Amino acid sequence: MKAASVRLNVLVIDDDAIDRMSVRRHLKSTQENLQVVEAENCQIALELIREQVFDCIFVDYNLPDGNGIDLVQQLRQMGLRVPLIALTGQGDEQIAVDLMKAGASDYISKAKIKPDLLYRVVQQCLRIYQAEQEAERAKLLREELLAQREEFISRMTHDMQTPLVGANRMLELIQDDAFGDIPASVKAKIGIITRSNHDLLKMVRDLVEVYTYDAGCKELNRLPIDIRSIVEEVFQQLGPLAQDKQLDLKLVVSDPGLNHEILVDRLEMKRVLINLIGNSLKFTELGGITLTLEGSSPANPCLKMTLQDTGIGISEEDQTQIFERFRRGRHKRSNSGLGLYLSRQIIEGHQGKIQVESIVNQGTTFTISLPALPH
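Just so you know, we're using this note's numbering here: the sequence shown kicks off at 4 and counts up by one.
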C-alpha cells in the first residue's frame, strides 16, 4: 500500500541505469505523489541541484567523474542540508562509514534494497531533517526576538537618562533652597530621594555603556597617562565613604621608580576603579581596602593593579560567573549589577585582563593587568 504524503522531489545519482531504475521503482511502489529525477554523474547532479530543490538525494559511491565521498562533502559545503542517502555495493561497509563521516545521512546496500526498507530509511531521514529545520527556525526566531529586545532596552535606557538627569538637578536645587527654605526633616528625606535617583541614573548609564560595548560602537579616547593620577582622583571621591564606615582605604606603590604610564581612556578607567572600590566599600564592614600598584620595567612591560578587601567574599561557584552579564549568583555580592561585566569589557578594550580570587567571609582580591607604555 502506498503512503499518502506531500509531494517529494527525489534525486538519484548513479552511473548504472538499472540501479537507478530499481531505486525509482521501489520508491514509487511505497510513496504517492513522488517525482524521481536521475543523474548519471557528478556534473549533471550538480547542475540539477543548482536548478531544483530536492527533498532527498541518493548518492552512489562509484561515479564516472568522481566518487560519492567527495560529492557528499561538496554538497554539504554548499550548504545543502537535505538527507543524503549513500548507495553502496555488497561488502562496502568501510566505504559506507566514510560516506557517513563525509556527511551522508544514512546508507543502503544495493543488494538489500527493498520497498519497505527504502521507505523506512527515507522517512526516518526526512523526519530527522524536518526536526533539524524546525530547531533551526526556532533558534533563528529566538535570536530575532532577543535582538529586538536588546534594541528596545538599549533605546529605552538612552531615553531614560534625560528625565533622570532633570530630576536630579531639580532635587539638588530644592536641597540648595533655590525655591525657598524647607524644613531640615524634609531636606533629609529629599536627600534620600536624591541618592536613590543617583543610583538609578548610574544603573541606566551602566546599561547604556554595556550596550555600546556589546554593539562594538565604543570608541576609547586613549592617551598616555600615569595611572597614579587616576587612582588619586578616585580615592578623593570615595575617601569620604570609607571614613563614614570607618574603613581604611590605602594606596601602596610597590616601587615608585618604575614606570606607571599607560595608554588609557581616563574616564573609562576611572569608571572601573570607582566600581571595584565602591563594591569593596559596600561589602566590607571591618578592616579596609588596599590598592597596590606595580609599575612596569623593560623586563616586565605590564602594569598591575591589585585591589584587596576584607569583606564578605565571593563563593568559588560564583567567582566563575562574576564577570558575566546579568548573572544571578547565590551570594549577595554576586548580584551587584552590571558593573563587573562592564569593568571587564573596559579592561579587555584596553588589551588587559581582570581576575578575581576570594574566600567567603575573609575578603576578595581583584587583579588588573594592563600593557604599559615602553620606557
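Just so it is clear, CB atoms sit at the ideal spot from N, CA and C, and this is done for glycine as well.
Computed from a prediction, not measured in an experiment: that's the story for all the values here.
Contact between the region 8-22 and the region 95-112 is defined here as three or more beta-carbon pairs at a separation below 8 Å; is this criterion met?
A contact is defined here as three or more CB-CB pairs under 8 Å, and the region 8-22 fails this definition with respect to the region 95-112.
Contacting residues, own chain, Cβ-Cβ under 6 Å from Asp229 (five flanking each side not counted):
Correct list, in chain order: His263 and Glu264.
Can you give, in chain order, each stretch of the alpha helix (DSSP H) that sits fully within the region 35-73 and has at least 4 residues?
Entirely contained in the region 35-73, the alpha helix (DSSP H) runs reaching 4 residues are, in chain order, 45-54.
Using 8 Å as the threshold, is the C-beta distance between Lys307 and Ser372 below it?
Result yes, Cβ atoms of Lys307 and Ser372 sit closer than 8 Å.
Would you give the residue range spanned by the alpha helix (DSSP H) that Gly194 belongs to?
In this chain, the alpha helix (DSSP H) harbouring Gly194 covers Ala187 to Asp217.
Is the separation between the beta-carbon of Ser257 and that of Leu296 shorter than 8 Å?
Closer than 8 Å, so yes.
Taking the alpha carbon of Val315 as the reference point, which residue from Phe286, Thr323 and Gly290 has its own alpha carbon closest?
In the sequence under discussion, the amino acid at residue 315 is Ile, which differs from the Val named in the question. Across the set Phe286, Thr323 and Gly290, the C-alpha of Phe286 shows the shortest separation from the C-alpha of Ile315.
Beta-bridge pairing of Tyr110 - partner residues as DSSP gives them
DSSP lists Ala89 as the bridge partner or partners of Tyr110.
Extract the residue ranges of the alpha helix (DSSP H) inside the region 112-168, only unbroken runs of 4 or more that lie entirely within it.
You should have found no qualifying run.
Limits of the alpha helix (DSSP H) - the one that Leu241 falls within:
Where Leu241 is concerned, the enclosing alpha helix (DSSP H) stretches over Ile230 to Asp247.
What's the C-alpha gap between Ile277 and Gly291?
Here the C-alpha atom of Ile277 lies approximately 15 Å from the C-alpha atom of Gly291.
Is it buried or exposed, Ile60, if we count other Cβ atoms within 10 angstroms and call 16 or more buried?
Flag for Ile60 reads buried.
Per-residue DSSP class, three states only, for Lys221:
Looking at Lys221 - three-state DSSP - the assignment turns out to be coil, as it is neither helix nor strand.
Relative to the C-alpha of Glu288, which residue among Asn44, Phe57, Tyr122 and Asn364 is closest?
Glu288 has its Cα closest to that of Asn364, out of Asn44, Phe57, Tyr122 and Asn364.
Classify Met272: buried if its beta carbon has 16 or more other beta carbons within 10 angstroms, exposed otherwise.
Burial of Met272 is indicated by the presence of at least 16 other C-beta atoms within 10 angstroms of its C-beta.
Inter-residue Cα distance where the pair is Val15 and Val26
Between Val15 and Val26, the C-alpha separation is close to 8 Å.
By DSSP's criteria, Asn262 is part of a beta bridge. Which residues make up the other side?
Looking at the DSSP assignment, Asn262 forms a beta bridge with Ser299.
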